[in-house]
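*Asks:* Take a look at this one; I'll ask things after.
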Ligand code: HEC
Ligand code: HEC
Ligand code: HEC
Ligand code: HEC
Ligand code: HEC
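In my numbering, the protein residues as written are 3 to 192.
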């Protein structure tokens, strides 16, 4: 990357572009056409569909199917994402994204906070600050412009009162398991 403008151009474009449905973004690259295996579990109540809106945009590099350097007039890129930053198309162990998180869901799941009223810590309620069109997306946890000093561009660190606890309450103990401590110590997100 040779200039600050090019740094923006990999994600934002002003012409030769398409809009990313469900966002205000214009995008100078193809969007991924992959069919993803989405998160599921015995306890999950939310209905999780295919990644959409800006999460689909993130995955258009991070699923590893479209070259990262394919943007603007350079449509023949060869550099694919690799290593741990490549999430692939199996998201069944990745925190669910692109699903509605509203007060009805919070009412049905004991460990969730009420998104319309509980503060996010970023000035307003969870729904206003962290959800996009009422949904959890990649950008609920990650700040794509790297304005934070946290690892992995996280909006908040993974301390005991950190990122996870913005939306989740402390986990209640279940039979034989206290479920106490920092969420990130036991749950890997990707
Ligand atoms: C990794 C991809 C990526 C890069 C690189 C990037 N952006 Fe963004 N940008 C996004 C996404 C995704 C959003 C939507 C963010 C959201 O919903 O929170 C966004 C939103 C914005 C917005 C709308 C306001 C906001 O912050 O949500 C502006 C303005 C913006 N970007 C400017 C820039 C500029 C200027 C650069 C270069 C310095 C840049 N972006 C680089 C992905 C990117
Ligand atoms: C144009 C391609 C592209 C898009 C779009 C893109 N990324 Fe990335 N991202 C990259 C590359 C390249 C890296 C560096 C990978 C490496 O270090 O191996 C990266 C790294 C990251 C990292 C790791 C950063 C670190 O400090 O460890 C995170 C987290 C991340 N991206 C999240 C996102 C999110 C969230 C979005 C959508 C808002 C997004 N990316 C969109 C190309 C992209
Ligand atoms: C619930 C919060 C959350 C959501 C939603 C989320 N992430 Fe992450 N992500 C994390 C955390 C926490 C880490 C760093 C800790 C870890 O996974 O070990 C991380 C790490 C990453 C990394 C760096 C991986 C590495 O080891 O280099 C990438 C890339 C990334 N996320 C992309 C995404 C993309 C793309 C999405 C949407 C499909 C997404 N994330 C959704 C919390 C989240
Ligand atoms: C923006 C809000 C938000 C943030 C931040 C967040 N989560 Fe979640 N998480 C949710 C919602 C909403 C669900 C869906 C719960 C359901 O429907 O049962 C969920 C689901 C989960 C699940 C799957 C639950 C199941 O029953 O299978 C786990 C595990 C989880 N989150 C852990 C974490 C961890 C660990 C972090 C911090 C890295 C985190 N979450 C950050 C909102 C969030
Ligand atoms: C000591 C390790 C540990 C810590 C710390 C931990 N978890 Fe868990 N969590 C687990 C294990 C083990 C399971 C059961 C996984 C399974 O059955 O697949 C689980 C299950 C869950 C589930 C789904 C089951 C349910 O009861 O609804 C959610 C949601 C969850 N954890 C969220 C969190 C959050 C949020 C935090 C932080 C407040 C956290 N966990 C801290 C180990 C931990």
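Glycine included, each C-beta is placed from N, C-alpha and C at the ideal position.
Ligand 3 and residue 144: does the residue's C-beta get closer than 7 Å to at least one heavy atom of that ligand?
*Replies:* Position 142 of the chain shown, counting from 1, holds the residue named residue 144. Yes - ligand 3 has a heavy atom lying nearer than 7 Å to the Cβ of residue 144.
*Asks:* Within the continuous alpha helix (DSSP H) that includes residue 128, where are the two ends?
*Replies:* Here residue 128 is taken as the residue at index 126 of the chain shown, counted from 1. Unbroken alpha helix (DSSP H) run through residue 128: 128-132.
*Asks:* Given a threshold of 16 other Cβ atoms within 10 Å of its Cβ, counted over all protein chains shown, does residue 182 qualify as buried or as exposed?
*Replies:* By 1-based counting over the chain shown, the position of residue 182 is 180. By the neighbour-count rule (16 or more Cβ atoms within 10 Å), residue 182 is not buried but exposed.
*Asks:* Please report the residue range of the alpha helix (DSSP H) in which residue 64 lies.
*Replies:* Indexing the chain shown from 1 puts residue 64 at position 62. From DSSP, the alpha helix (DSSP H) with residue 64 extends over 55-64.
*Asks:* For the putative contact between residue 41 and residue 100, defined by C-beta atoms under 8 Å, what is the C-beta separation to the nearest angstrom?
*Replies:* On the chain shown, residue 41 is found 39 positions in, with the first residue counted as 1. On the chain shown, residue 100 is found 98 positions in, with the first residue counted as 1. Their Cβ separation, rounded to whole angstroms, is 10 Å, which puts residue 41 and residue 100 out of contact at 8 Å.
*Asks:* Closest to residue 195 by CA distance: which of 35, 131 and 98 is it?
*Replies:* Outside the displayed span of the chain (3 to 192) sits residue 195, for which this structure offers no information.
*Asks:* Distance, Cα to Cα, residue 115 vs residue 124?
*Replies:* Sequence index remark: in the chain shown, residue 115 carries index 113 (1-based). Sequence index remark: in the chain shown, residue 124 carries index 122 (1-based). Answer to the nearest angstrom: the Cα atoms are 15 Å apart.
*Asks:* DSSP three-state label for residue 102, please.
*Replies:* What you label residue 102 is simply residue 100 of the chain shown in a count that begins at 1. Residue 102: strand per DSSP, three-state reduction.
*Asks:* Which class does residue 177 belong to by DSSP, given the choice of helix, strand or coil?
*Replies:* Position 175 of the chain shown, counted from the start, is the residue given in the question as residue 177. Residue state, collapsed to three classes: coil.
*Asks:* Quick check on DSSP: helix, strand or coil for residue 168?
*Replies:* Within the chain shown, the letter at position 166 stands for residue 168. It is helical.
*Asks:* Answer yes or no: the CB of residue 97 versus the heavy atoms of ligand 4, is any distance below 7 Å?
*Replies:* For the purposes of this step, residue 97 is taken as residue 95 along the chain shown, with counting starting at 1. Flag set: Cβ of residue 97 near ligand 4.
*Asks:* Given this structure, state the Cα-to-Cα distance separating residue 14 from residue 144, to the nearest angstrom.
*Replies:* On the chain shown, position 12 is the one that residue 14 refers to. On the chain shown, position 142 is the one that residue 144 refers to. Spanning the two alpha carbons is a distance of roughly 17 Å.
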